[in-house]
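Visitor: Before I ask anything, let me first share the structure, which is written out below as structure tokens.
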């Protein structure tokens, strides 16, 4: 028997899902039952089946992993990546050709304008913080 706690968990989940399906059927057949209850009536048994499927898949994968233990290649072996696997590298234009087109020149002019505005704003802020000390009170 494989992992008794896991088997108990799967059995409990399976049972709970079937009980919830029966409860939804009971709700559907009652006076206030709706189509939503009928939908859940069919859905809960599917959840129960999925729990069993997932457990069987887990056991199968665990068995296949333990039987196919491959030895890793030695650390000194060089592994080469095929050239078509990686995307091509982006080629950047040389910095001396930047700013020759109209859009780049306009962007540079706009940045210069913003720098001038920031300098003026800083100068105005400095002037506002320099206050004349209050005059001494007259006796």
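In the numbering used here, the protein residues as written are 268 to 406. Glycine included, C-beta positions come from ideal geometry on N, C-alpha and C.
Give every residue of the same chain whose Cβ lies closer than 7 Å to the Cβ of residue 281, excluding the five residues on either side of it in the sequence, and list them in chain order.
Guide: Along the chain shown, one-based indexing puts residue 281 at 14. Cβ-Cβ distances below 7 Å link residue 281 to 315, 318, 319 in the same chain, with the five nearest sequence neighbours on each side left out; the list follows chain order.
Visitor: Would you check if the stretch 280-297 and the stretch 306-314 touch, i.e. whether three or more CB-CB distances between them fall below 8 Å?
Guide: Between the stretch 306-314 and the stretch 280-297 there are three or more C-beta pairs closer than 8 Å, enough to call the two in contact.
Visitor: Please state the DSSP three-state secondary structure of residue 294.
Guide: For the purposes of this step, residue 294 is identified with residue 27 of the chain shown, where counting begins at 1. Here residue 294 sits in helix by DSSP.
Visitor: For residue 271 and residue 312, what's the separation of their Cα atoms in angstroms?
Guide: Within the chain shown, residue 271 is the residue found at index 4, counting from 1. Within the chain shown, residue 312 is the residue found at index 45, counting from 1. So the two alpha carbons sit approximately 23 Å from each other.
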